[in-house]
Amino acid sequence: MVTPNNAEFLQNIQSKWQKKWQQARSFHADANPYHKKKFFLTFPYPYINGLPHVGHLFTIMRVEAFARYKRLQGFNVLFPQGWHATGSPIVDAAQRVREGEEKQLKILRDCGVPEADISKFAEPEHWISYFVPEYRKDIQSLGLSIDWRREFFTTELNPHYNKFVQWQFSILKKKGYVKKGKFPVVWDPKNNCPVPDHSRIEGEGETPQEFLLVKHKLKNGTSIVTATLRPDTILGVTNLYINPDVMYVRAKVDEEDWIISKKVAKALADQDKKVTVIEEVQGSSLIGQTVLEFSGLSVPILPAFFVQEQFGTGIVHSVPSDSADDLIALDDLKKDTALCQKYRLDMAMVKAVEPISVLDVPGFSPIPARDVLTQLGIKSQHDRQKLEKAKDILYKKAFYEGKVNKLYQKARFKGLSQDYAGQPVEKAKEGIKHDILNSEFGDVYYQLTGRVVSRSMMECVVRIVEDQWFLDYGDPVWKKLAHDALNNLTLYPEKARAQFTYVIDWLHQWACTRETGLGTRLPWDEKWLIESLSDSTVYMAYYTIVHLLQKIDVRNVNGALFDYVFLDENTGKLLVDKKDADAMRREFDYWYPVDFRNSGKDLIQNHLTFYLFNHTAIFHKDKWPKGIGVNGWVTVDGSKMSKSLGNVIPVREMVKTYSADAARITILTGGEGMDDPNWDTEFARSIIPKLEQFYTLARDVAAAKDMTTAKDRAAAKGTAAGETSTGKTSTDGGRYTMKPIDLWALSNLHQIIHDATALMEETSFRSAIQKIFFDLQRLLRWYLRRTKNSPNTTVIKELVDAQAVMLSPFTPHLCEEIWSMLGKKGLACEASWPVAQQDKIDEQANAAENLVQETAADIQSVLKLLDIQKPASIALFVSPAWKYQLFAIVRKQLDTTRNPAEVLAAVMKNAPAELRSHGQDISKLIPKLVQGGLPPMILPQEKELAALRDAVDFLSAEAGCPVQIASADEASEPKAKQAQPGKVAIVVKQ
RNA sequence: GCGGCGGUGCCGGAGCGGUCAAACGGGAUGGGCUUAGGACCCAUUAGCUUAGUGCUUACGCAGGUUCGAAUCCUGUCCGCCGCACCA
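If you're matching positions, the first sequence starts at 2 in this note's numbering and goes up one per residue.
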């Protein structure tokens, strides 16, 4: 870690201002009917199983900076904060503490928990009572402008909130958005419980995968059952493959007879099936028999050794057209007379088995598997590696580019519900699967995508849980409402919209209840806890009333109260004072809807979209969300944040090392939009002295009532009293004259205010900081240099005042300090954001100053090239008059043509005689002007002269010799002719 | 594979048809100020060239549109995020 230069100064003023804000209750926000402009911001309440770190900081700071900005804009701003404890991580972690797991204990120690207290964390409740205040302390130390009166935490440990969530769910239920169904989960068979991702020893990220079971019927009615992920090829089945050496079982599954592997027989028992094993069946005994297919065909059962017992059902239906495995096995068998004899297979029958083409895949023959076998040079079914590759190629090609062929006509197969012929595989697949499931040939089976081992060291299985509750985000009516909500809100940034639209369409049923963890119980089925993403969709409404509600005896909090407060409906008896209920309703009515909710972009696919869905289900349309912000994932010095890299910087460490203000501005400079913001340690270090420099400058401005020099004042007396050279009146006690450079400074200031305001409005904080801090600092630097440190006091004060206010959302402590030092009344956080005055933005002033700036630079470079230390004098010539005329005419022409010849012709035609006399020069100049383009603004000759004359002192000082200024028109000097509008000719005399 | 976002100089990162060899910051180099400085100020930071200029090569790669492209179009390669019941 780099040691900062000196953050003490910033750190020393931190707690002082935080205390002042607290005393002034600057961030307490209450409904105020006389203050119509309100702004309500939130970010998702953090899950409190740890302390805040740099990863959290970015999201927090976006909301914080926006909150402070909106306050400066005159809004009544509500920025509350709560805590999330719902779910299983805390419970699991407590369990691990109970078991004394070293890794978990270390995490707690790293959070600063004293050794003696660690055992307390065996209780989940203790996590809340410990981490809530610690987390709050950390983010408070950043000087956040949160209304802490409205803090709360979730789960039934907070009975008021508990009632709120139950109210929410009873409304969802009433409206039919909560439904009951079956659901596959990863299950520990020993402890009889579901195994969430983070409490696995092995197999994080593995999930149940749905396979289609296909029944193939023997003459006696028994089904040989295979499992597949490719129902689209069902009509291409030519035979079954069975491993002759494997011992299968015949089992009664529900009311049917199935032949399957032993493992599947066991697994199905967990998956909502009644399974009784009747007998064992040797694979070889089935070979040679025929089965009836979904397609209506009869196909033989053949031997194959690539078939693995533990995969699928241990039996494979063969689609040699589109499976390389199936095809090569068939090829092998046709050549293997000995094997056929062994199982008494009729060689002619085997040879008669031919692939059936079912898919049209671009770039492939009707039998794609054959192409791939040839392509990869696969010779036998033992060539496993190549076969895996073949499978990959075939699947991807067929699935994403293929179409099912003409075989899939409804007329040809009674099992099909529609004509699939010609449909893309991707689309037809689902329909065909559905058809098979609806026939007597199909069923469903779940298998894990990989091995999962639970903490009890048991290998997990898939289990179908009955009576699981779902939020039906697939409901088309609800989807429509969510789209409506999306269409009526502002996104920060707008480019996130495509993703939201996609997610709304893609979401379907969401299992919203759990059996374990902390949370709120489902009001009508108390065995279930409401899952953590589902209990946090509309709680922002809770913020509006929490400080009032939680004072009320919870026994008097009922559904009728929430109906009254949130929906303006009288549905039952209120158990609280009408007065109290009205007060809450006023708060809700005033603050809602949420104007800005910000979170990481990863939450678009769940929480933020749930947030939209649920608001439309619960609240009236005028209370739907107004704005959502999303941001990228924080990186640290360019690398992804991770525990293993050890670059997860806790907030408390950042504040201790860099100060709150430096940390705040660093993180927001790290990025904007959807890009991943970067915490740049080097920036954090180098910004500290720059912030102090800003303070020093402000101090000088404050101290010097009059920053002008005696010489300036004397010079000023020369002009008519109170009158400046530009005719403006100066009223302050500083330098009396308002010179062009002063107007230029103001012009640029107001341009910056204008730009920065627009950027703040769209939460582009990085760019805003660029303008407000760096561009303004540069402006100040040039202004001081240009005025040789005697700026106009009015101007310099306006610059510093504006900067202090505009920077305060980012570095509030420093800005308060400066604000008070400048002798301002009140707090900076309650000041007014400066207003950009269009009439002060003067492009001509910019062009004039550019000319001066460039001339100064050009003088330097000429002197350097000629290696002249002490020039005797310098003459500057502005362009001859005819070139100004020429430029103006060319500019007009460029709108119609860009062809140099045409421009030249037009110029020569339109130009006055005087200009035409410079014909030769013109024809040389024009191609350049057309190619390179003209400068954005061309000042008239007299303005250029005036600008240079105004700056003559400065230019002389920079050049180190007297400077004369003249027009090239009356100059005999040949070099003077080189001058152009915007470009002065320089003649150095030694 | 699908959906989303990106690929710019030593680095971070602006720019999104002409004012672009490319803002701003960081780093590096040189100079100034200083007892000294990690503080501050100034200059340089693609190559060649020049009295302040001009030229060449550059904005992932390849084509195209245009008088003109980092900027628009097409194709292609690469990176990041998500693809769920987990906070």
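Just so you know, even glycine gets a beta-carbon here, dropped at the ideal spot from N, CA and C.
Every value quoted in this text rests on a predicted model; they were computed, and no experiment measured them.
Where residue i falls: helix, strand or coil (DSSP)
i, result
"N439", "helix"
"V265", "helix"
"G88", "strand"
"A412", "coil"
"W625", "coil"
"N599", "strand"
"A829", "helix"
"L492", "strand"
"Q694", "helix"
"Y178", "coil"
"S418", "coil"
"W680", "strand"
"N221", "coil"
"G723", "Note on G723: pLDDT 33, under 50, position unreliable in the model; no value is reported."
"T375", "helix"
"I939", "coil"
"H54", "strand"
"S381", "coil"
Straight-line Cα distance separating residue j from residue i
i, j, result
"Y612", "T538", "5 Å"
"K925", "V988", "23 Å"
"A717", "K740", "Model confidence at A717 stands at a pLDDT of 38, short of 50, so the residue's coordinates are unreliable; what they give is reported in the following sentence. So the alpha carbons of these two residues sit roughly 11 Å apart."
"G297", "Q410", "14 Å"
"Y493", "L73", "20 Å"
"I261", "F122", "48 Å"
"D246", "F312", "15 Å"
"Y396", "P369", "10 Å"
"R686", "V931", "47 Å"
"E355", "T234", "15 Å"
"P304", "Y242", "5 Å"
"I688", "F67", "21 Å"
"L52", "Y136", "5 Å"
"E248", "I302", "Note that residue 248 corresponds to Met in the displayed sequence, not to Glu. Roughly 16 Å separates the two Cα atoms."
"F25", "H608", "First, the residue type needs correcting, since residue 25 is Ala and not Phe in the sequence shown. Computed Cα separation, rounded: 35 Å."
"K627", "S765", "18 Å"
"Y784", "I742", "7 Å"
"Q424", "G518", "45 Å"
"M458", "K253", "31 Å"
Supposed close pair residue i, residue j - CB separation, criterion 8 Å
i, j, result
"A803", "I754", "6 Å"
"M807", "A757", "6 Å"
"G961", "P901", "At roughly 42 Å, the Cβ-Cβ gap does not stay under 8 Å, so G961 and P901 are not in contact."
"M359", "S322", "Checking the displayed sequence, the identity of residue 359 turns out to be Val instead of Met. Indeed, because the Cβ distance is near 6 Å, the residues count as touching under 8 Å."
"Y543", "F212", "43 Å between Cβ atoms; not a contact."
CB of residue i within 7 Å of CB of residue j, strictly
i, j, result
"A972", "F888", "no"
"L549", "A512", "no"
"S660", "A30", "no"
"K332", "F307", "The residue asked about is misnamed: residue 332 is Asp in this sequence, not Lys. No."
"D677", "S455", "no"
"D139", "R598", "no"
"I650", "H54", "yes"
"I939", "P982", "yes"
"N77", "H36", "yes"
"A862", "P963", "For the sequence presented, residue 862 should be read as Ser rather than Ala. No. Outside cutoff."
"V635", "F59", "yes"
"A958", "V801", "no"
Next on the checklist: Count Cβ pairs between the stretch 416-435 and the stretch 153-169 that sit closer than 8 Å; are there 3 or more?
Outcome noted: no
Item to check | Three or more C-beta pairs below 8 Å linking the stretch 500-508 and the stretch 476-490 | outcome: yes
Next on the checklist: Does the stretch 75-94 come into contact with the stretch 40-49, if we say contact requires no fewer than three beta-carbon pairs (one atom in each stretch) closer than 8 Å?
Outcome noted: yes
Checklist entry - Is the stretch 276-291 in contact with the stretch 336-348, if contact means three or more CB pairs nearer than 8 Å? => result yes
Checklist entry - Would you call the stretch 250-266 and the stretch 223-235 in contact, with 3 or more CB pairs under 8 Å? => result yes
Checklist entry - Does the stretch 271-280 touch the stretch 235-242, meaning 3 or more C-beta pairs lie closer than 8 Å? => result Judged by Cβ distances under 8 Å, the stretch 235-242 makes no contact with the stretch 271-280, as fewer than three pairs qualify.
Next on the checklist: Whether or not the stretch 841-861 and the stretch 939-951 are in contact is what I'm after, with contact meaning three or more pairs of Cβ atoms, one per stretch, closer than 8 Å; do they touch?
Outcome noted: yes
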